[in-house]
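This report concerns only the one structure given below.
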Amino acid sequence: MTPDPIIRLASVVQTLEHVVVPAVDSGNLLAVEQCGVVLAQLRMLERHMPLIGAYHALCLTDLLGVVAALPPVEGGPAAVMARRELAEACAQVDDPADPRLAFHRVGRALEGLVRAMAQDGEPAVRRAIDAAVLAFSIRQARRARSCFQDAGFDHDADSLPTVEAMVAGN
6 MTPDPIIRLA SVVQTLEHVV VPAVDSGNLL AVEQCGVVLA QLRMLERHMP
56 LIGAYHALCL TDLLGVVAAL PPVEGGPAAV MARRELAEAC AQVDDPADPR
106 LAFHRVGRAL EGLVRAMAQD GEPAVRRAID AAVLAFSIRQ ARRARSCFQD
156 AGFDHDADSL PTVEAMVAGN
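Each residue of the sequence shown is one higher than the last, beginning at 6 in my numbering.
Following this line, the structure appears as structure tokens:
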């Protein structure tokens with residue numbers, strides 16, 4: 006056994022392809038279909054594993070840029086508290102060992118700010134924050150779509166960069 010997740014995934018894919026899938030009753034169409042879906046997902050994971058850290062670093066860098074460009078918060082106590090919590094979450098990011106966790110921590114804090122601004126934030130500032138978050142969300146959704154373009158479900162997969170090109174900044 007090896008702890009390397011890429012080698013372990015490759016081993017699971019080989020086992021499924023050469024042992025499990027051939028043993029599935031070909032008359033059970035749902036089982037055959039699901040074997041194909043599972044294998045396709047595992048192959049995508051295998052391909053993306055070396056890129057996961059760079060992907061999350063890209064997402065985190067974009068998110069931190071959005072937060073840094075937000076206007077000063079004006080509003081009631083909920084908005085002010087949420088902005089403080091967002092600043093604290095960003096302060097904990099200092100060269101994170103796990104950009105995925107930092108991304109989710111900052112993202113949750115930004116969501117908290119959006120909710121607080123809806124509660125007692127100054128309307129013009131709320132609109133500016135909402136616009137910045139929406140623009141980020143569109144970029145983030147495009148990144149997620151790139152990760153799953155090989156699944157064949159995207160309506161415009163050809164318009165998306167490959168995961169490799171995306172994490173390389175293209």
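Glycine is no exception: its CB is placed at the ideal position from the N, C-alpha and C atoms.
Using a Cβ distance threshold of 9 Å, residue 69 and residue 95 count as a contacting pair.
Judged by pairs of C-beta atoms under 8 Å, the stretch 52-62 does not touch the stretch 120-132, as fewer than three such pairs exist.
In the three-state DSSP reduction, residue 112 falls in the helix class (H, G or I). In the three-state DSSP reduction, residue 126 falls in the strand class (E or B).
In this structure, DSSP gives residue 80 an extended state, which the three-state scheme calls strand.
Every alpha helix (DSSP H) of 4 residues or more that sits fully in the stretch 14-94 is shown, in chain order, as 34-53 and 57-74. DSSP places residue 98 outside both helix and strand once states are collapsed to three, so it counts as coil. Counted as a single uninterrupted DSSP element, the alpha helix (DSSP H) harbouring residue 170 occupies residues 168-172. In this structure, the beta-carbon distance from residue 107 to residue 65 falls below 9 Å.
When rounded, the separation of the alpha-carbon atoms in residue 166 and residue 147 is 9 Å.
Within its own chain, the residues whose Cβ lies closer than 8 Å to the Cβ of residue 74, once the five positions on either side in sequence are excluded, are 137, listed in chain order.
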